[in-house]
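Student:
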Amino acid sequence: MAAGDDRGHGGNVGYDDQVDAYYSWDSNVPNHKNLAVGDPIALWDKQRLLGISAIEAIESSPGTKLLSRCPECGTTRIGSRKNSVPQFRCMKCRHEFATPRGDLVEVTLYTARYDAAWTSLEGVLNEREVRSLAVNSREFNAMRPLDWAALRQALLTKDADRAVARVTARADLSWHSPSDAGVGLVHGFGRALVRVRRGQQQFRSSLLATQGSVCAFTGAAPPRVLEAGHLYSYAQVGTHHKHGGLMLRRDIHRLFDDGMLAVEPAKLRIDVAQPLAAYPQYARLHGERLTLRLQDEQVDWLGKHWDEHRAAGGQRIFG
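Residue numbers (my numbering): 830 to 1148.
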């Protein structure tokens, strides 16, 4: 749940989230261990579905968190009220107060990145529909397990086939059991610790050394704006292949992952999807060659990317 400013919980100040790219939490949050690389996820804002994706990486680091406690009983189960004075009310002892007691505690901070397969589905499912898909319909935690089979079916009935296909292609559904969708989520955290993008920095350094400070689509660029883009789903493969990536400008990387930019494997020319036609800086890339010579393995990966995003047709600017 990414509630943004619509937060009723007053026990902390919230988290740094960008709903279409990453989600943050810490070790004080219920279910904090139950997310893994490869898990399909859905985000909502307490009113409607925002979108779905599959987790590509989970990063963790030690940190601190400022908790807000009831000055009477010490619990963090306090509510922040927008239209009442005093602002705070304790859910445990019912004490009302203007200022909570601060408590700085040590935690493990987590960030899950999932922008590669993100598909916006804002409003496709309403609050009631989203809540009905929870494994436990009475659960109120910010992170809660959903029934993937039920979510998939609900989205298919709303003609969200493409979104389902993109997530299915990138997600690890080996844990899924239709009779018990929550089984395996508990086991998934160990898998995440193994499959988080270890070696990502070395992978980037290797690509910079072999390809130079150059975006494969647009040309020379400062290293600061270049990212090491995998030509495959790292969540599924879990390995940094020597010839499995390209240096890409940040915006190009995102558009490539979304399938808005692709490379036609037969001609090795850039193909630009219709939604980008209105943006000259991207539209002019259509039909251009990449700025570096590709290895055979890179061509193979680009072919698979093409099949995923162009096989159905209808995405290209020009016929």
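All residues carry an ideal CB built from backbone N, CA and C; glycine is no exception.
Along the chain, where does the alpha helix (DSSP H) that runs through SER961 open and close?
Tutor: Element bounds for SER961: 956-961.
Student: Whole angstroms are fine: how far does the CA of CYS899 sit from the CA of ALA916?
Tutor: In the sequence on display, residue 916 carries Gln and not Ala. C-alpha separation (whole angstroms): 12 Å.
Student: For the beta strand (DSSP E) that THR986 lies in, which residues bound it at each end?
Tutor: Counting along the chain, THR986 falls outside any beta strand (DSSP E), though it belongs to the alpha helix (DSSP H) covering 977-986.
Student: Hey, how far is the Cα of LEU1097 from the Cα of LEU1075?
Tutor: Cα-Cα distance, rounded: 14 Å.
Student: Please classify SER1043: is it buried, with 16 or more other beta-carbons within 10 angstroms of its beta-carbon, or exposed?
Tutor: A quick correction: the sequence has Val, not Ser, at residue 1043. It is buried - the Cβ of VAL1043 has at least 16 other Cβ atoms within 10 Å.
Student: Under three-state DSSP, which class holds ASP1001?
Tutor: Coil, per DSSP.
Student: By DSSP, does ASP874 sit in helix, in strand, or in coil?
Tutor: Correct three-state label for ASP874: coil.
Student: Go through its chain and collect everything with a Cβ distance to TRP1135's Cβ below 6 Å, but skip five positions before and after it.
Tutor: Once the five neighbours on either side are set aside, the close Cβ partners of TRP1135 are ALA1091, PRO1094.
Student: Specify the secondary structure class of ASP868 as computed by DSSP and reduced to three states.
Tutor: Coil, per DSSP.
Student: Here's the rule I'm using: 16 or more other beta-carbon atoms within 10 Å means buried, otherwise exposed. How should GLU885 be labelled?
Tutor: When all chains shown are included, GLU885 counts as buried.
Student: Skipping 5 residues on each side, what residues in its chain have a beta carbon closer than 7 Å to that of THR904?
Tutor: Closer than 7 Å at the Cβ level, and outside the excluded window around THR904, lie ARG898, CYS919, LYS921.
Student: What residues match up with LEU895 in a beta bridge as DSSP calls it?
Tutor: In the DSSP output, where bridge partners are listed per residue, LEU895 has LEU933.
Student: To the nearest angstrom, how far is it from the Cα of LEU1114 to the Cα of ALA1106?
Tutor: Distance between the alpha carbons of LEU1114 and ALA1106 is about 10 Å.
Student: Quick one, are the C-beta atoms of LEU1002 and ALA941 less than 8 Å apart?
Tutor: For LEU1002 and ALA941, no; Cβs fall outside 8 Å.
Student: Assign VAL1054 to one of three DSSP states: helix, strand, or coil.
Tutor: In this structure, VAL1054 counts as helix in the three-state DSSP scheme.
Student: By Cβ distance below 7 Å, which residues in the same chain neighbour ALA1112 in space, the five residues on each side in sequence not counted?
Tutor: The residues are VAL1101, LEU1105, ALA1106, ILE1146.
Student: What are the boundary residues of the alpha helix (DSSP H) that GLY1132 is part of?
Tutor: That run of the alpha helix (DSSP H) goes 1125-1139.
Student: The alpha helix (DSSP H) that contains ALA1091, what's its start and end?
Tutor: Segment 1090-1093 is the beta strand (DSSP E) holding ALA1091; no alpha helix (DSSP H) there.
Student: Assuming GLY952 and ARG877 are in contact, meaning their beta carbons sit under 8 Å apart, how far apart are those beta carbons, in whole angstroms?
Tutor: At roughly 5 Å, the Cβ-Cβ gap stays under 8 Å, so GLY952 and ARG877 are in contact.
Student: On the CB-based measure, 16 or more other CB atoms within 10 Å of its CB, does TYR943 come out buried or exposed?
Tutor: Under this definition TYR943 is a buried residue.
Student: From what residue to what residue does the alpha helix (DSSP H) around ILE1081 run?
Tutor: From DSSP, the alpha helix (DSSP H) with ILE1081 extends over 1079-1087.
Student: Rounded to the nearest angstrom, what separates VAL993 and GLN1103 at their Cα positions?
Tutor: The alpha-carbon atoms of VAL993 and GLN1103 are separated by roughly 21 Å.
Student: TYR851 lies in the beta strand (DSSP E); which residues open and close that run?
Tutor: It spans 851-855 - the beta strand (DSSP E) in which TYR851 sits, taken as one unbroken run.
Student: Please report the straight-line C-alpha distance between LEU1121 and SER853, rounded to a whole angstrom.
Tutor: Approximately 36 Å, taken between the alpha carbons.
Student: What does DSSP give as the partner residues of CYS1044 in its beta bridges?
Tutor: According to DSSP, CYS1044 bridges with GLY1048.
Student: Within the same chain, show all residues whose beta-carbon is closer than 8 Å to that of GLY892, passing over the 5 residues directly before and after it, in chain order.
Tutor: The answer, listed in chain order, is ASP855, GLU935, VAL936, THR937, LEU938.
Student: In this structure, how does DSSP classify THR948 when only helix, strand and coil are distinguished?
Tutor: Note: THR948 maps to strand in three-state DSSP.
Student: Would you grab the beta carbon distance between ARG973 and ALA983 for me? Rounded to a whole angstrom, and I think it's under 8 Å.
Tutor: Actually they do not touch by this definition, with Cβ atoms about 16 Å apart.
Student: State the CB to CB distance for the pair GLY1116 and ILE1099, rounded to an integer number of angstroms; the pair is presumed to be in contact (CB under 8 Å).
Tutor: Contact flag correct, Cβ pair sits at about 7 Å.
Student: Tell me, please, which residues DSSP counts as bridged to GLU888.
Tutor: According to DSSP, which records beta bridges pairwise, GLU888 is partnered with THR940.
Student: Using beta-carbon positions only, say whether ASP1058 and HIS1082 come within less than 8 Å of one another.
Tutor: Note that residue 1058 corresponds to Gly in the displayed sequence, not to Asp. It is a contact, given that the beta carbons lie within the stated cut-off.
Student: In whole angstroms, what is the alpha-carbon distance linking ASP1129 and LEU1123?
Tutor: Each residue's alpha carbon lies about 10 Å from the other.
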